[in-house]
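Just so we're on the same page, the working numbering is the position in the sequence shown counted from 1, plus 78. We put the beta carbon where it would ideally sit given N, CA and C, even for glycine. Predicted, not measured: the structure shown is a model, and the values here were computed from it. Written below as structure tokens is the structure these notes are about.
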Amino acid sequence: MISAIVAGVGPVRGLGAALASCFAEKGLHVFIAGRSGDKLKEVAQHIEQRGGSVTLVVADITVDEDVRRLFEIVRSRGDPIDIAAYNVDSNIPAPFLKTDTKTFAVLWRQNCLGAFLFAKQTIGIMQAQRHGTLFFTGATASLRARPPFTAFASAKAALRALAQGLAREFSSQGIHVVHTIIDGVIDGDRARSQFPQYVEAKGEAGLLQPDAIAQTYWAIHQQPPSAWTHELDLRPFKEPF
């Protein structure tokens, strides 16, 4: 059986869960990783109820030991890894002069350092296979910094640079590295709990649907190597840009 790994899986109504569900529906065994065991169990049940195959791993992807343990579990199954998606994301808005060192470091660890640790293990597997797709989920801030998101943008820009470097180094070895810019708000539990008025103002047509994003990831994964996409941006049709 072929497998996929999704890091940064939270609630059932979220992008991480949508990616895992999509890959499972396509017949892949899915490893899901996140910090909340309860949320992972809900996502795993959601996948299994629809006939999918899943392994959950509670892990903090910003911690080297946790990432190594995750990939020991992945390797123990012995499946080829067709897809790995780094979907860990953290955004703490604050004016620059009120952004402390701890906040800046947390944003960098979650948005960039974790991606480095995850990619290092993933590429070790895909390099031996000579194939595989490695996704990084970016944001509008990957391209431009605006207050009060300067710290977040610096971390997302670093993630984008990491993805570019990996693509240039490993594409010729059969590894498809993709950086996806999410230009808008995802219609998930996090946005609805943190920004309920904003979500209501946008309306369903003004939000990115997690399942639609997941379908795009799958389509990119299926691209023939003669015409690979490295970077793409996704936004609702109503979103100005």
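- A Cβ-Cβ distance of about 7 Å is found for the pair Gly112 and Gly94, placing them in contact under the 8 Å criterion.
- The C-beta separation of Phe248 from Ile201 comes to about 6 Å, placing the pair in contact by the 8 Å criterion.
- By the C-beta criterion, the segment 84 to 100 is judged to be in contact with the segment 262 to 270, since at least 3 inter-stretch pairs fall below 8 Å.
- For Gly105, there is no enclosing beta strand (DSSP E), as DSSP marks it with neither H nor E.
- Annotation: His254 to Gln207 spans about 12 Å, alpha carbon to alpha carbon.
- Runs of the alpha helix (DSSP H) spanning 4 or more residues and lying entirely within the segment 157 to 187 occur at 179 to 186, in chain order.
- Counting of Cβ neighbours within 10 angstroms places Ala85 among the buried residues, the total reaching 16 or more.
- Taken through DSSP and simplified to helix, strand or coil, Leu240 comes out as helix.
- Out of Pro225, Gly216, Val277, the CA that lies nearest to the CA of Gln242 is found in Gly216.
- Thr307 is not bridged by DSSP to any residue.
- A residue is called buried when at least 16 other Cβ atoms come within 10 angstroms of its Cβ; Tyr164 meets this threshold and is buried.
- Closest in alpha carbon position to Pro314, among Leu240, His299, Ile259, is Ile259.
- In the displayed model, Phe227 falls within coil according to three-state DSSP, outside both helix and strand.
- In the DSSP assignment, Thr294 falls within the unbroken alpha helix (DSSP H) covering 288 to 299.
- By the criterion of at least three beta-carbon pairs nearer than 8 Å, the segment 170 to 183 is in contact with the segment 220 to 230.
- DSSP places His124 in the helix class (H, G or I) of the three-state scheme.
- Distance from Gln188 to Ser220 at the Cβ level is roughly 14 Å; contact not present, criterion being Cβ atoms closer than 8 Å.
- Of the other Cβ atoms in all chains shown, fewer than 16 fall within 10 Å of the Cβ of Gln275; this residue is therefore exposed.
- The beta carbon of Leu134 sits closer than 7 Å to those of Ile110, Leu118, Lys119, Ala122, all from its chain and outside the five residues before and after it, given in chain order.
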